[in-house]
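**Q** First the structure, then my questions, so here it is.
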Amino acid sequence: MEKRCLVSVANLPKEKILNLIRMGQEFEKRPNRKLLDGRIVATLFFEPSTRTRLSFETAANRLGAKVIGFTDPKVTSSTKGETLKDTIMMVSNYADVIVMRHYLEGAAKYASEVSPVPVVNAGDGANQHPSQTLLDLYSINKTQGKLDDLHILLVGDLKYGRTVHSLIMAMRHFNPTFHFIAPEELSMPEELKAYCREQGIKYEEQTEFNEEVIAKADIIYMTRVQRERFTDLMEYERVKDVYILRAAMLRNAKPNMKILHPLPRVNEIAYDVDDDPHAYYFEQARNGLYAREAIICDVLGLTLEDVKA
Ligand code: CP
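Following numbering that gives the first Met the number 0, the numbering of the sequence shown begins with 0 at its first residue and continues without gaps.
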């Protein structure tokens with residue numbers, strides 16, 4: 000039987016994305032389903048996480064599966080020199096699906112190639128974060144009533160931000176217009192801009208984040224400047240607070256515009272935005288549970304019909 004993995008959104012067809020959203024909608028209506036009774040989900044987190052790990056583990060528990068794993072590689076035999084391949088081979092002896100976050104770009108693809116069981120990429124370095132993207136699409140669709148023809152502002156760390164890289168790729172099916180807003184040091188990598196041009200995705204670039212551009216937005220996707228990706232901490236200090244979204248900046252925003260953020264935030268969204276009706280980042284994180292229930296079921300071969308039954 001074909002092994003089903005979720006490593007990248009780059010090759011996800013439109014119908015597959017829409018199907019996962021539909022499955023997520025079913026789980027939002029009924030989150031507690033014993034569809035995976037007797038299954039084991041392994042969560043291997045080589046990097047810190049709050050939302051991704053806990054929502055995957057909650058998803059597994061709500062589906063009736065059991066969870067094994069680690070949150071810190073220092074407590075594993077990787078500290079003794081065990082390779083990623085051997086770790087994956089061992090865990091696949093025990094689990095039916097592996098959810099893995101790793102600091103190396105390409106680690107999830109490698110794991111999916113050597114693993115006998117399905118692998119879900121929970122973030123690999125600055126590369127991809129496909130389950131985040133599915134919950135982002137779920138949230139956009141839920142709040143806008145559609146995915147097509149939207150103006151989306153991507154703000155902050157567009158160089159290292161794997162969530163924005165994945166989002167651009169997934170949105171290729173839906174005719175978006177992106178506004179890339181970043182300081183020059185953290186601008187969108189050339190290969191992603193080339194990808195947009197190849198795919199016919201419209202984009203504009205600017206360094207100013209102001210009311211004028213906010214007024215155009217259906218979605219503002221804020222990102223954190225990721226200290227852990229910088230080799231030069233002086234550079235991090237220079238750019239870390241370059242954009243701070245404050246409630247006063249939302250005066251001319253479209254009424255249904257929503258602010259997303261993969262979280263955690265540091266300084267980039269002021270606390271006065273939390274009470275503004277445009278703020279959606281906490282609900283977005285809750286949607287992660289439904290999206291991840293759908294992803295776990297999908298890689299284990301369950302269909303939308305199974306979920307609806
Ligand atoms: N959005 C996200 O990946 O959050 P965590 O790092 O807390 O998992």
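Glycine residues also receive a C-beta, built at the ideal position from the N, C-alpha and C atoms.
For Val212, which three-state DSSP category applies?
**A** Counted from its first residue, the sequence shown places residue 212 at position 213. Helix at Val212.
**Q** Quick one: give me the first and last residue of the beta strand (DSSP E) that Met99 is part of.
**A** Numbered from 1 along the sequence shown, position 100 holds the residue referred to as residue 99. Counting along the chain, the beta strand (DSSP E) containing Met99 begins and ends at Val96 to His101.
**Q** For Thr42, which option in Ala59, Gln127 and Leu34 has the closest C-alpha, if you only look at C-alpha atoms?
**A** Taking the sequence shown and counting its residues from 1, one reaches residue 42 at position 43. Ranking the options by Cα distance to Thr42, first place goes to Ala59.
**Q** As a quick exercise: from Glu14, Asp71, Leu5 and Val116, pick the residue whose alpha carbon is nearest that of Arg38.
**A** The residue labelled residue 38 in the question sits at position 39 within the sequence shown. When each option's Cα is compared against that of Arg38, the closest is Val116.
**Q** Shorter than 6 Å, the distance from the beta carbon of Pro261 to the closest heavy atom of ligand 1, or not?
**A** Against the sequence shown, residue 261 aligns to sequence position 262. Yes, the beta carbon of Pro261 sits closer than 6 Å to at least one heavy atom of ligand 1.
**Q** Less than 7 Å between the beta carbons of Asn143 and Ile180, yes or no?
**A** Working through the sequence shown from its first residue, we reach residue 143 at position 144. Working through the sequence shown from its first residue, we reach residue 180 at position 181. The question names Asn, but residue 143 in the sequence shown is Gln. Their beta carbons are not under 7 Å apart, which means Gln143 does not touch Ile180 by this criterion.
**Q** Cβ of Ser48 within 6 Å of any heavy atom in ligand 2?
**A** By its list of ligands, the structure shown excludes ligand 2, since it contains just ligand 1.
**Q** Does Phe173 come out as helix, strand or coil in the three-state DSSP assignment?
**A** By one-based count along the sequence shown, residue 173 stands at place 174. Note: Phe173 maps to helix in three-state DSSP.
**Q** Hey, is Thr51 close to ligand 1, as in C-beta under 6 Å from one of its heavy atoms?
**A** As a first step, residue 51 must be located in the sequence shown, where it is residue number 52. Yes, ligand 1 has a heavy atom inside 6 Å of this Cβ.
**Q** What does a CB cutoff of less than 7 Å around Leu301 pick up in its chain, not counting 5 residues either side in sequence?
**A** As a working note, residue 301 is residue 302 in the sequence shown. These residues qualify, in order along the chain: Leu34.
**Q** Do the stretch 98–114 and the stretch 132–143 touch if we need at least three Cβ pairs shorter than 8 Å?
**A** These segments do not touch.
**Q** Run the CB neighbour count on Glu25, radius 10 Å, all protein chains shown included, and call it buried at 16 or more, exposed below.
**A** Your numbering for residue 25 matches position 26 in the sequence shown. It counts as buried.
**Q** Going by C-alpha to C-alpha distance, which of His128, Ile213, Gly63 and Ala290 sits closest to Leu103?
**A** Along the sequence shown, one-based indexing puts residue 103 at 104. Selected option, being the one with the closest Cα: His128.
**Q** Is it the case that the Cβ atoms of Phe229 and Val154 are separated by a distance below 7 Å?
**A** As a first step, residue 229 is located in the sequence shown; it is residue number 230 there, counting from the start. As a first step, residue 154 is located in the sequence shown; it is residue number 155 there, counting from the start. No. Outside cutoff.
**Q** Report, in whole angstroms, the separation of the C-beta atoms of Arg100 and Gly122, which I expect to be a contact under 8 Å.
**A** As a position in the sequence shown, residue 100 is number 101, starting the count at 1. As a position in the sequence shown, residue 122 is number 123, starting the count at 1. Sure, about 5 Å apart at Cβ, within 8 Å.
**Q** Using the C-alpha atoms, what's the distance from Arg29 back to Arg61?
**A** Counted from its first residue, the sequence shown places residue 61 at position 62. Counted from its first residue, the sequence shown places residue 29 at position 30. Cα-Cα distance, rounded: 10 Å.
**Q** So, under 8 Å CB-CB, His260 and Tyr242 are touching, yes? Tell me the CB distance rounded to an integer number of Å.
**A** As a first step, residue 260 must be located in the sequence shown, where it is residue number 261. As a first step, residue 242 must be located in the sequence shown, where it is residue number 243. With 8 Å as the limit, His260 and Tyr242 do not qualify as a contact, their Cβ atoms being about 12 Å apart.
**Q** Whole beta strand (DSSP E) runs in the stretch 196–271 with 3 or more residues, listed along the chain?
**A** List check, beta strand (DSSP E) in window: 201–205, 218–221 and 257–259.
**Q** Opposite Gly68 in the DSSP bridges: which residues?
**A** Taking the sequence shown and counting its residues from 1, the one referred to as residue 68 is at position 69. Bridge partners of Gly68: Thr42.
**Q** What is the DSSP secondary structure of Val119, reduced to helix, strand or coil?
**A** What you label residue 119 is simply residue 120 of the sequence shown in a count that begins at 1. Three-state DSSP puts Val119 in a strand.
**Q** Going by DSSP, name the residue or residues bridged to Ala278.
**A** Your numbering for residue 278 matches position 279 in the sequence shown. Its beta-bridge partners are Ile258.
**Q** Compare the C-alpha of Leu152 against each of Leu185, Lys158, Lys145 and Glu203 and name the closest.
**A** Taking the first residue of the sequence shown as 1, we reach residue 152 at position 153. Measuring from the Cα of Leu152, the nearest candidate turns out to be Glu203.
**Q** With 16 other CB atoms within 10 Å as the buried threshold, where does Phe245 fall?
**A** Looking up residue 245 in the sequence shown gives position 246. In the sequence as presented, Phe is not what sits at residue 245; that position holds Arg. Per the 10 Å Cβ criterion, exposed.
**Q** With which residues is Val154 paired in a DSSP beta bridge?
**A** Numbered from its first residue, the sequence shown carries residue 154 at position 155. DSSP output for Val154 lists Ile180 and Met221 as bridge partner(s).
**Q** Just to confirm my understanding: we take Lys215, look at its own chain, exclude 5 residues before and 5 after, and list those with CB closer than 6 Å. What are they?
**A** Within the sequence shown, numbered from 1, the residue matching residue 215 stands at position 216. Answer for Lys215: His150, listed in chain order.
**Q** Pull up the CB-CB distance for Phe44 and Arg50, whole angstroms please, since I reckon it's below 8 Å.
**A** Walking along the sequence shown from the start, residue 44 turns up at place 45. Walking along the sequence shown from the start, residue 50 turns up at place 51. Not really, about 12 Å apart at Cβ, beyond 8 Å.
**Q** Just how far apart, CA to CA, sit Val90 and Asn10?
**A** Counted from its first residue, the sequence shown places residue 90 at position 91. Counted from its first residue, the sequence shown places residue 10 at position 11. In a straight line, the C-alpha of Val90 is about 26 Å away from that of Asn10.
**Q** Starting from Ser186, trace the alpha helix (DSSP H) both ways and give me its first and last residue.
**A** For the purposes of this step, residue 186 is taken as the residue at position 187 of the sequence shown. No alpha helix (DSSP H) holds Ser186; DSSP gives it neither H nor E.
**Q** The alpha helix (DSSP H) with Leu303 in it runs from where to where?
**A** Counted from its first residue, the sequence shown places residue 303 at position 304. Residues Leu303 to Lys307.
**Q** In this structure, what does DSSP give as the bridge partners for Gln127?
**A** Residue mapping note: residue 127 aligns to position 128 of the sequence shown, counting from 1. For Gln127, which the question treats as bridged, DSSP gives the partners Asp123.
**Q** CA-CA distance, Lys307 and Tyr289?
**A** For the purposes of this step, residue 307 is taken as the residue at position 308 of the sequence shown. For the purposes of this step, residue 289 is taken as the residue at position 290 of the sequence shown. Roughly 14 Å separates the two Cα atoms.
**Q** Are the CB atoms of Val8 and Ala247 within a distance shorter than 7 Å?
**A** Locating residue 247 in the sequence shown gives position 248, counting from the first residue. Locating residue 8 in the sequence shown gives position 9, counting from the first residue. Contact: no.
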